[in-house]
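Below: one structure, written as structure tokens.
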Amino acid sequence: LMDNLSIKESQDVVQKFVLRKEDGKKILSFKTRGPAVLKKLRANKKLKPSSIYRCLNPLSYEEIILIFARIKNERAREMVREYLLKHKDVKLQIDGNDIKNKIGLRPGPDFKRLLDKVLYAKINGKVRTKEDELEFVKRQYEMEMI
């Protein structure tokens, strides 16, 4: 219904209609982020699962379904399907305590960055076990220290 409206017009509609605050946020989020995600998916390139994850993970389930409905390219549809079925709920087996206790890294901004790298490696199938995850962090940290 709001496809042809600008972001400002969409904001006006959201304010005028009695929508739950959460629903209004989803609509506006889709209006602002949806076009870039659609463009990336329609580029017809095979993207790594972690790239799809970074693209879709900030979106709500409803936004992802809207994107899926607009994609005609079967390769892109398959990437979204794979995200929803395999990668959406991937969790690490390690956390900051493991990094601190087993690798000796002090808490700080590097934790989040390293944990994100491990998560992307896991999504891409490069690490599977807790030991793999710890070894990956150790290698990444050592490479960055050189």
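Our numbering numbers the first residue of the sequence shown as 24 and each following residue consecutively. Virtual Cβ for every residue (Gly too), placed ideally from N, Cα, C.
#1: Residues in its own chain within less than 7 angstroms of Leu70 by CB, not counting five upstream and five downstream?
#2: Compare the Cα-Cα distances from Leu89 to each of Lys140, Pro130, Pro58 and Gln163 and report the closest residue.
#3: Assign Glu59 to one of three DSSP states: helix, strand, or coil.
#4: Under 8 angstroms Cβ to Cβ from Arg65, same chain only, skipping five residues before and after it: list those, please.
#5: Following the continuous alpha helix (DSSP H) through Asn74, name the residue where it begins and the one where it ends.
#6: Using the Cα positions of Asn147 and Met166, report the straight-line distance between them to the nearest angstrom.
#7: Can you tell me where the alpha helix (DSSP H) with Asp155 in it begins and where it stops?
#8: Residue range of the alpha helix (DSSP H) that Phe134 falls in?
#9: Give the C-beta separation of Ile126 and Val141 to the nearest angstrom, bearing in mind that I take them to be a contact with Cβ-Cβ under 8 angstroms.
#10: Tell whether a beta-carbon distance below 9 angstroms holds between Asp121 and Leu82.
#11: Does the distance from the CB of Glu86 to the CB of Arg43 come in under 9 angstroms?
#12: Would you tell me roughly how many angstroms separate the C-alpha atoms of Tyr76 and Arg136, rounded to the nearest one?
So, from the data block:
#1: Met102
#2: Pro58
#3: Per the sequence presented here, residue 59 reads as Ala, with Glu not at that position. If DSSP states are grouped into helix, strand and coil, Ala59 belongs with the helices.
#4: Ile94, Asn96 and Ala99
#5: Before going further, note that residue 74 is Ser rather than Asn in the sequence given. Run containing Ser74: Pro72 to Leu79, per the alpha helix (DSSP H) assignment.
#6: 20 angstroms
#7: Lys153 to Met168
#8: Pro132 to Ile146
#9: Not a contact, Cβ separation roughly 12 angstroms.
#10: no
#11: no
#12: 16 angstroms
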